[in-house]
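Have a look at the structure below before the remarks.
Number of protein chains: 2
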Amino acid sequence: MKRVKLVVAYDGTNYCGWQVQPNGETIESVLNRHLSSLLGEEIVVTGASRTDSGVHSLGNVAIFDTNTRMPADKISFALNQKLPADIVVQDSCEVPSDWHPRYQKGRKTYEYRILNRTFRDPTRRWNSYFYYHALDIEKMQKAATYLEGEHDFKSFCAVGAQVKTTIRTIYHCKVIKENDMITIRVTGNGFLYNMVRIIAGTLIKVGAGDIVPEEIPIILEKCDRAIAGPTAPAHGLTMIGIEYEEVE
Amino acid sequence: MKRVKLVVAYDGTNYCGWQVQPNGETIESVLNRHLSSLLGEEIVVTGASRTDSGVHSLGNVAIFDTNTRMPADKISFALNQKLPADIVVQDSCEVPSDWHPRYQKGRKTYEYRILNRTFRDPTRRWNSYFYYHALDIEKMQKAATYLEGEHDFKSFCAVGAQVKTTIRTIYHCKVIKENDMITIRVTGNGFLYNMVRIIAGTLIKVGAGDIVPEEIPIILEKCDRAIAGPTAPAHGLTMIGIEYEEVE
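As they're listed, the protein sequences go chains A and B. Take this note's numbering: the last position of the first sequence gets the number 717, and nothing is skipped along the way. Take this note's numbering: the last position of the second sequence gets the number 717, and nothing is skipped along the way.
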């Protein structure tokens, strides 16, 4: 028996998110089905980030246990032969049997992309959120700096999410503009449910002039979801990857 | 009667190219149908670039004649309400009644995108060509410079294409690498059938070491399609736009 770690990229457009659902195809269910068929045993993967429907990934991490004699680093190539074009494993390797993608300490990075122009661009419609009104990038950048550090992010967590603590550390929150694309890049030690999308929705409100950057510390202090901005649409969000502290 | 110019962006993935075909949906047929419905008269558009099946565009240009009283600059907004999500008009304006997008002198720009990495990226699979083997960007850049200027591009034209002359001027041919994405950006006074895709296929051969940059002038001189590289796949190609000499 060995434990194998996968790095998984996917276009989330056609999936009901990561986690197995009773109705609808998910990334996890597709991986389970094709891994079981490839390795000839029942495989159940466990993922690091249970991304929502429509969210994309370049480097989500999953593990599974297997009795296969196939070398762990060859599994990515064999599995990619079977997977649909919108899910591509980027790496596979063996990890210790107690290694777990959610309990291991790591730095997660997400990007939220906002296409800020007058007309929609059909070639970029699947992985960016189209926003028509001009956004003030400097205000967004200033607001983002207030989110960096250790804070209680309860105002930036979907109501009803069950977690022990809503305290998280954001190492970086950068807002980058390249031509008509605004990218919010956030790295943290963990994220609450919908946290990056609520950060994006709030920074868009800042860019539009509805919230001033200096209100961000107040929004954090109040610990009230109702005073942060809306949850930005899923399709603008991409899980970029996870850097774990220990090298496996 | 007035003549209206449209700037049209589209994701070519689900279309049989620009030009009306007996079987299969095309960009032109979708525009004709929705413009006719919007304006209440039979509309037939004429396009600048008859892009192939799978090729994308950010700024193809088309014209049509109409009796509508709707101001030309409002047509883009009204038409976008009707068009599917993969075709978006970026601009509409009135032009003189003898203005023609193919006969008017202009500079056309195309980009061919090559995703050069070990594993496919599912989030970028529709608008870039995945190429596994490492490409030597400096060789590609050197080869590209030989294509700039006025040349007979017969070697870079699909066999059987009927044109008066195969002489064209390329103003710029730049090869840009940003992380794992190589973009070939070409601006010229006009392009032969499949010309940009054959340039891309040839520059990939150069990057892979199968053709040395100094062979490009010889390939041009020979005027023989068989000695240039293969035609790179359609989905890597995007028509960026056309700058016309006269301002309308």
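Note that the Cβ used here is the ideal one computed from N, Cα and C, for glycine as well. Owing to the predicted nature of the structure, the values given are computational and were not obtained by experimental measurement.
Exercise for the section: Taking only beta carbons into account, state which residues of the region 559–588 of chain B come closer than 7 Å to chain A, listed in chain order. Expected result: Result list: Q559 and F588.
Handout entry: Under the three-state DSSP convention, the category B:Q573 falls into
Key = In this structure, B:Q573 counts as coil in the three-state DSSP scheme.
Handout entry: For A:R593 and A:S545, the rounded distance between their alpha carbons
Key = Cα to Cα, the separation comes out at about 28 Å.
Handout entry: Minimum length 3: unbroken beta strand (DSSP E) runs contained in the region 503–557 of chain B
Key = You should have 525–535.
Problem - Limits of the alpha helix (DSSP H) - the one that B:Y615 falls within - result: That run of the alpha helix (DSSP H) goes I606 to L616.
Handout entry: chain A contact for B:P591 (CB, 8 Å cutoff)
Key = Interface residue (Cβ-Cβ distance to chain A less than 8 Å): B:P591 is classified as such.
Exercise for the section: Return the chain-ordered list of same chain residues with a C-beta closer than 7 Å to the C-beta of B:C692, the five sequence neighbours on each side being excluded. Expected result: These residues qualify, in order along the chain: D621, K623 and S624.
Exercise for the section: Could you tell me which uninterrupted alpha helix (DSSP H) segments, each at least 4 residues in length, are contained entirely in the region 659–685 of chain A, listed from first to last along the chain? Expected result: Here the runs fully enclosed are 664–677.
Handout entry: Proximal residues to B:Y640 (C-beta, below 8 Å), its chain only, five neighbours per side dropped
Key = The beta carbon of B:Y640 sits closer than 8 Å to those of R576, E617, T656, G657 and N658, all from its chain and outside the five residues before and after it, given in chain order.
Exercise for the section: Go ahead and pull the three-state DSSP assignment for B:T592. Expected result: It is helical.
Handout entry: Nearest-angstrom beta carbon gap, B:G698 and B:K674 [assumed within contact, 8 Å]
Key = Cβ-Cβ separation between B:K674 and B:G698: approximately 4 Å, consistent with a contact (criterion under 8 Å).
Handout entry: Test: A:R637 CB closer than 8 Å to a CB of chain B
Key = Not one chain B Cβ lies under 8 Å of A:R637.
Practice task
Mark B:E717 as exposed unless 16 or more other C-beta atoms lie within 10 angstroms of its C-beta, in which case mark it buried.
Solution key: Residue placement at B:E717 is poorly supported in this model, since its pLDDT is 46, which falls under 50; the coordinates are not used for a value here.
Practice task
Leaving out five residues on either side along the sequence, give the residues of the same chain with a beta carbon under 7 Å from the beta carbon of B:N646.
Solution key: According to the sequence as given, residue 646 of chain B is Lys; it is not Asn. These residues qualify, in order along the chain: I606.
Practice task
For B:T634, name the three-state secondary structure that DSSP assigns.
Solution key: Annotated three-state conformation of B:T634 is coil, per DSSP.
Practice task
Report the three-state DSSP secondary structure of A:N483 (helix, strand or coil).
Solution key: In the structure shown, A:N483 sits in a helix (DSSP, three-state: H, G or I).
Exercise for the section: Determine the burial state of B:A695: buried for a count of at least 16 other Cβ atoms within 10 Å of its Cβ, exposed for fewer. Expected result: B:A695 is exposed by the Cβ-count criterion.
Practice task
Take the Cβ of B:P570 as the centre, count every other Cβ of all protein chains shown within 10 Å, and call the residue buried at 16 or more, exposed below.
Solution key: The residue is buried, with at least 16 neighbouring Cβ atoms inside 10 Å.
Handout entry: B:Y713, enclosing beta strand (DSSP E) - first and last residue
Key = Segment L706 to Y713, the beta strand (DSSP E) holding B:Y713.
Exercise for the section: Check whether the region 514–534 of chain A touches the region 479–492 of chain A, counting contact only when three or more Cβ pairs, one atom from each stretch, lie closer than 8 Å. Expected result: Yes: the two stretches touch, three or more of their Cβ pairs being nearer than 8 Å.
Exercise for the section: Inspect the CB distances between the region 557–567 of chain A and the region 528–545 of chain A and report whether three or more fall short of 8 Å. Expected result: The region 557–567 of chain A vs the region 528–545 of chain A: in contact.
Problem - Residue-level contact to chain A via CB, B:N648, 8 Å cutoff - result: No, B:N648 does not count as interfacial toward chain A.
Problem - Contacting residues, own chain, Cβ-Cβ under 7 Å from A:D679 (five flanking each side not counted) - result: Cβ within range, chain order: n/a, list empty.
Handout entry: Inter-residue spacing [alpha-carbon to alpha-carbon] between B:N549 and B:I668
Key = Each residue's Cα considered, the two are about 34 Å apart.
Problem - Cβ shell of B:D649 (< 7 Å), same chain only, five flanking positions each side left out - result: Excluding residues within five positions, the ones whose Cβ falls inside 7 Å are L584, N585 and R586.
Exercise for the section: Return the first residue and the last residue of the beta strand (DSSP E) that B:F599 is part of. Expected result: Y598 to Y600 is the extent of the beta strand (DSSP E) around B:F599.
Exercise for the section: Run down chain A in chain order and give the residues with a C-beta less than 8 Å from the C-beta of B:L527. Expected result: Residues of chain A passing the Cβ test: D590 and T592.
Exercise for the section: Just mark A:Y719 as buried or exposed, buried being the case when its beta carbon has 16 or more other beta carbons within 10 Å. Expected result: Here chain A covers residues 470 to 717 and nothing more, so residue 719 of chain A does not appear.
Exercise for the section: For chain A, find out if any of its Cβ atoms is closer than 8 Å to the Cβ of B:D480; answer yes or no. Expected result: Closer than 8 Å: yes.
Practice task
Compute the distance between the beta-carbons of B:Y579 and B:A701, then report whether it is under 8 Å.
Solution key: No, Cβ-Cβ distance for B:Y579 and B:A701 is not below 8 Å.
Problem - DSSP three-state assignment for A:E690, whether helix, strand or coil - result: For A:E690, the three-state secondary structure derived from DSSP is helix.
Practice task
Specify, as a first and last residue, the run of the beta strand (DSSP E) that A:I653 falls within.
Solution key: That run of the beta strand (DSSP E) goes M650 to G657.
Exercise for the section: Would you mind telling me which residues of chain A sit closer than 9 Å to B:T707, beta carbon to beta carbon, in chain order? Expected result: Among the residues of chain A, those whose CB is under 9 Å from the CB of B:T707 are T592, following chain order.
Exercise for the section: Could you name the residues that DSSP lists as bridge partners for B:L475? Expected result: The partner list for B:L475 (beta bridge, DSSP) reads B:A531 and B:S561.
Practice task
Report the neighbours of B:N781 on chain A: residues whose CB is nearer than 7 Å to its CB, in chain order.
Solution key: No answer is possible for residue 781 of chain B: it lies beyond the span of chain B, which begins at 470 and ends at 717.
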